[in-house]
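**Q** Under the numbering used here, the first residue of the sequence shown is numbered 3, with each subsequent residue one higher. Glycine residues also receive a C-beta, built at the ideal position from the N, C-alpha and C atoms. Computed from a predicted model, the values in this text were never measured in an experiment.
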Amino acid sequence: MKIMLATNEPTLESAIADRFARAPYFLIYDTENKKFESISNDADMAHGMGPKAVQITIDNGAEVLISALPGGNAMEALKSAEIAVYDGRGLKASEAIEKFENGELKKV
3 MKIMLATNEP TLESAIADRF ARAPYFLIYD TENKKFESIS NDADMAHGMG PKAVQITIDN
63 GAEVLISALP GGNAMEALKS AEIAVYDGRG LKASEAIEKF ENGELKKV
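1. Rounded to whole angstroms, how far is the Cβ of Phe102 from the Cβ of Ile18, which I believe are closer than 8 Å?
2. By alpha-carbon positions, which one of Arg21, Ser40, Val56 ends up nearest to Asp89?
3. For Thr33, I'd like the list of residues in its chain whose CB is within less than 6 Å of its CB, leaving aside the five on either flank, ordered along the chain.
4. For Thr13, which of helix, strand or coil comes out of DSSP?
5. Please list the terminal residues of the continuous alpha helix (DSSP H) segment that includes Val56.
6. From Asn43 to Ile99, what distance separates their C-alpha atoms?
7. Return the first residue and the last residue of the beta strand (DSSP E) that Leu29 is part of.
8. At what residue ranges does the segment 65-102 contain a whole run of the beta strand (DSSP E), taking only runs of 3 or more?
9. Going by other Cβ atoms of all chains shown within 10 Å of its Cβ, with 16 needed for buried, is Gly52 buried or exposed?
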C-alpha cells in the first residue's frame, strides 16, 4: 500500500505540514518495501492548490493520505477518489506511519 504524507521537508523525520495542499513536500511511502520518494510541491498558485495536490495523490497511487486537515474541495475530491484521510498534525512522518500501521491514527 502507498501512503502520501504532506511534510515540511523531504525526509521521514520531517514534521507533517500545517496545510495539506501547500505542504512544501509530499512523501510517497510504500508499506511493502518500507521505501519512500519525495515530491517537491510547487505551491505558488493563489488558488486551486487543493485539486492539484489531490491529483498528485491519485497519480502516485496512494490509497491513504496523512496530513493536516484538507480544505473542503480537496476533501470531497479525496473521498470521490476513495483515498482515506488521516490526521497527522503534530507528528513526524515516521511517527505518523508507525501510528497508522498500528491502527492508532485518527481517520478524518
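**A** Walking through what the data contain:
1. In the sequence shown, residue 102 corresponds to position 100, counting from 1. In the sequence shown, residue 18 corresponds to position 16, counting from 1. No, Phe102 and Ile18 are not in contact; Cβ-Cβ is about 12 Å, not under 8 Å.
2. Along the sequence shown, one-based indexing puts residue 89 at 87. Of the candidates Arg21, Ser40, Val56, the one whose C-alpha sits nearest the C-alpha of Asp89 is Arg21.
3. In the sequence shown, counting from the first residue as 1, residue 33 sits at position 31. If we look at Thr33 and ignore the five residues flanking it on each side, its Cβ neighbours are Met3.
4. In the sequence shown, residue 13 corresponds to position 11, counting from 1. Three-state DSSP puts Thr13 in coil, outside helix and strand.
5. In the sequence shown, the residue the question calls residue 56 occupies position 54. It spans 51-61 - the alpha helix (DSSP H) in which Val56 sits, taken as one unbroken run.
6. Reading the sequence shown from its first residue, position 41 is the one you call residue 43. Reading the sequence shown from its first residue, position 97 is the one you call residue 99. The alpha-carbon atoms of Asn43 and Ile99 are separated by roughly 20 Å.
7. Taking the sequence shown and counting its residues from 1, one reaches residue 29 at position 27. 27-32 is the extent of the beta strand (DSSP E) around Leu29.
8. 66-69, 86-89
9. Stepping through the sequence shown from its first residue, residue 52 is reached at position 50. With 16 or more Cβ atoms within 10 Å of its Cβ, Gly52 is classed as buried.
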